[in-house]
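For the sequence shown, this note's numbering begins at 12 and goes up steadily by one. Even for Gly, the Cβ is constructed at its ideal location relative to N, Cα and C. Computed from a prediction, not measured in an experiment: that's the story for all the values here. Here the structure comes first, spelled out in structure tokens, and everything after it is commentary.
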Amino acid sequence: MKYLFFYSFFIFGTFSQVRAQIISTSFEGIPCPNALYFDPMDPATPHPLDNQNEQPILNWPETNQELGFNAYYSPYDQASVGLSDGDSVGITDRTTIVGDFSEGTQGYEISDCDGNYTLEFTPIDLQGVDQASIAIDVFIAPTGYEGDGVANSAQSDRLHIYVKDLEQQGQIDLLNTTGNDINDLNIEGRWLNLTADISRFNRVQLIVTARNNTAAEAFYLDRVEVQGILSDTSTKQPDPVIFPNPTRQSFTLVGSDHIDTEMALYDIFGHHVWTGHSQGVIHDVSMLQSGLYFLSIIKDKNIRTQKLIIE
Ligand SMILES: [Ca+2]
Ligand SMILES: [Ca+2]
Ligand SMILES: [Ca+2]
Ligand SMILES: [Ca+2]
Numbered sequence: 012m013k014y015l016f017f018y019s020f021f022i023f024g025t026f027s028q029v030r031a032q033i034i035s036t037s038f039e040g041i042p043c044p045n046a047l048y049f050d051p052m053d054p055a056t057p058h059p060l061d062n063q064n065e066q067p068i069l070n071w072p073e074t075n076q077e078l079g080f081n082a083y084y085s086p087y088d089q090a091s092v093g094l095s096d097g098d099s100v101g102i103t104d105r106t107t108i109v110g111d112f113s114e115g116t117q118g119y120e121i122s123d124c125d126g127n128y129t130l131e132f133t134p135i136d137l138q139g140v141d142q143a144s145i146a147i148d149v150f151i152a153p154t155g156y157e158g159d160g161v162a163n164s165a166q167s168d169r170l171h172i173y174v175k176d177l178e179q180q181g182q183i184d185l186l187n188t189t190g191n192d193i194n195d196l197n198i199e200g201r202w203l204n205l206t207a208d209i210s211r212f213n214r215v216q217l218i219v220t221a222r223n224n225t226a227a228e229a230f231y232l233d234r235v236e237v238q239g240i241l242s243d244t245s246t247k248q249p250d251p252v253i254f255p256n257p258t259r260q261s262f263t264l265v266g267s268d269h270i271d272t273e274m275a276l277y278d279i280f281g282h283h284v285w286t287g288h289s290q291g292v293i294h295d296v297s298m299l300q301s302g303l304y305f306l307s308i309i310k311d312k313n314i315r316t317q318k319l320i321i322e
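See below:
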């Protein structure tokens, strides 16, 4: 019996060394209207880019399985029209330039910003993860880019993709065209798979900053993956479960330790539509329209977000 126990432990130990996906996104399953994005804010001032009704999705919350992302705009030193003139940015399924996405049928497009577009992915916690690595696929539309990207001005195109260390404030570049004309780097017209070793970090963030100024100038992103070896999962609290999901009228939050939690429900445009409290109670959401929602579960200042579908 003693021997058998030892043997089981050994098997478990072996399995725990398997390289696994920690968190990822491929921009799939996100609403994708065939429309341009119009920024209603003043293009002369830096600001977050909010999702707009019936327009492409620019921001998306993190859920347990997937990375989220948030978009920001900042002007040139001498501000231009930015995204106020209607641009192809955000989640897209348009394949005219890329042919196919590197995974699935959707990706993220950044085109004709007339300023600086920054896409910040949600922070990645690497505690308890060994040998972590990050990967992102990028496709640069082939056309005539201008300048070397050093000046913060029109005709000075650039693309910079990097991982920021949120504890020490260092960073690792995955791609940085600054100092070069993009046309001279032989990186256009095909999917590039960019990777970096992030094993020495505890908490990082993937950031994409882009500057371009015509509709033909477009950068596409797809398949963001963080992989590593889980060294210790024992301290991680199990995630609460929404039941039933999808639901027609109501749901319950089921979990081992989620008493005294606050809950907030958001629609896909980030509008707060409902607030609730505690687990084990049946919550009526029949007054809400059918669709995809995000339930933020808040406990001890930790926020976890899960998808909830109301039918
Ligand atoms: Ca995809
Ligand atoms: Ca524009
Ligand atoms: Ca050029
Ligand atoms: Ca340009």
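The beta strand (DSSP E) that contains Phe230, what's its start and end? First-last of the beta strand (DSSP E) with Phe230: 229-241.
Provide the residue span of the beta strand (DSSP E) that contains Val92, from first to last. First-last for Val92: undefined, no H or E at that position.
Are the CB atoms of Ile240 and Arg105 nearer to each other than 8 Å? In this structure, Arg105 does not lie closer than 8 Å to Ile240 by Cβ.
With Arg211 as the anchor, note down where its beta strand (DSSP E) starts and where it stops. Looking at the DSSP string, Arg211 is not in any beta strand (DSSP E), and its letter there is neither H nor E.
From Ser5 to Gly115, what does the alpha carbon distance come to, in whole angstroms? An answer regarding residue 5 cannot be provided, because it is not within the stretch 12 to 322 covered by the chain.
Cβ neighbours of Phe305 in the same chain (closer than 6 Å, five flanking residues each side left out): Excluding five sequence positions before and after Phe305, the CB atoms of its chain that fall closer than 6 Å to its own CB belong to Pro72, Tyr277, Thr316, given in chain order.
In the structure shown, what three-state DSSP assignment does Ser245 receive? Confidence in Ser245 is poor, its pLDDT being 49 and thus under 50, which makes the residue's placement unreliable; the coordinate value appears in the next sentence. Assigned with DSSP and collapsed to three states, Ser245 falls in coil, not helix or strand.
Beta carbon of Ile279 nearer than 8 Å to that of Ser301: No, the pair does not count as a contact, with Cβ atoms beyond the cut-off.
Going by beta carbon distance, what residues of the same chain come within less than 7 Å of Asn256, once the five residues before and after it are set aside? So the list reads Phe262, Leu319, Ile320, once near-sequence residues are dropped.
CB contact flag (Leu177, Arg214, <8 Å): Yes, these two residues count as a Cβ contact at 8 Å.
Compute every distance between the C-beta of Cys43 and the non-hydrogen atoms of ligand 2, then say whether any falls below 7 Å. No.
Does the beta carbon of Glu199 fall short of 7 Å from some heavy atom of ligand 3? Not so, every heavy atom of ligand 3 lies at least 7 Å from the Cβ.
Given a cut-off of 8 Å, decide if Arg169 and Gly160 are closer than it, judged by their beta-carbon atoms. For Gly160 and Arg169, yes; Cβs fall inside 8 Å.
Residue ranges of each beta strand (DSSP E) within the segment 73-131, 3 or longer: Inside the segment 73-131, DSSP marks whole beta strand (DSSP E) runs of 3 or more residues at positions 80-85, 100-103, 118-122, from first to last along the chain.
Evaluate Ala82 with the Cβ neighbour count: other Cβ atoms within 10 Å of its Cβ, from every protein chain shown; 16 or more gives buried, anything less gives exposed. Label assigned to Ala82: buried.
Checking the sheet assignment: what are the DSSP bridge partners for Pro59? The partner list for Pro59 (beta bridge, DSSP) reads Tyr83.
Should Gly118 be counted as a contact of ligand 1 given a C-beta to heavy atom distance under 7 Å? With a cutoff of 7 Å, Gly118 counts as near ligand 1, since its C-beta is closer than that to a heavy atom of the ligand.
Rounding to the nearest angstrom, what Cα-Cα distance links Gly200 and Asp192 in this structure? Cα atoms of Gly200 and Asp192: separation of roughly 15 Å, rounded to the nearest angstrom.
With respect to the beta strand (DSSP E) encompassing Val174, which residues constitute its N-terminal and C-terminal limits? Counted as a single uninterrupted DSSP element, the beta strand (DSSP E) harbouring Val174 occupies residues 169-176.
In angstroms, rounded to a whole number, what distance separates the CA positions of Thr103 and Asp311? Note on geometry: alpha-carbon atoms of Thr103 and Asp311 lie some 37 Å from one another.
Specify whether the segment 203-221 and the segment 112-132 touch according to this definition: at least 3 beta carbon pairs, one from each stretch, less than 8 Å apart. Between the segment 203-221 and the segment 112-132, the count of C-beta pairs closer than 8 Å reaches three or more; the two stretches touch.
Does the beta-carbon of Tyr156, which I'm using as the reference point, lie nearer than 7 Å to any heavy atom of ligand 4? Yes; taking the cut-off as 7 Å, the Cβ of Tyr156 has a heavy atom of ligand 4 nearer than that.
If you reduce the DSSP assignment to three classes, tell me which class Asp195 lands in. Three-state DSSP puts Asp195 in a helix.
Let me know the secondary structure DSSP gives Gln216 once reduced to three states. Gln216 falls in the strand class under three-state DSSP.
Taking 8 Å as the CB-CB limit, is Thr103 close to chain D? Absent here is chain D; the protein component of the structure consists of one chain.
Taking 7 Å as the cut-off, is the C-beta of Asn81 nearer than that to any heavy atom in ligand 3? No, Cβ of Asn81 sits at least 7 Å from all heavy atoms of ligand 3.
Quick check on the DSSP output: the beta strand (DSSP E) that includes Asp159 runs from which residue to which? Asp159: not part of any beta strand (DSSP E); DSSP gives it neither H nor E.
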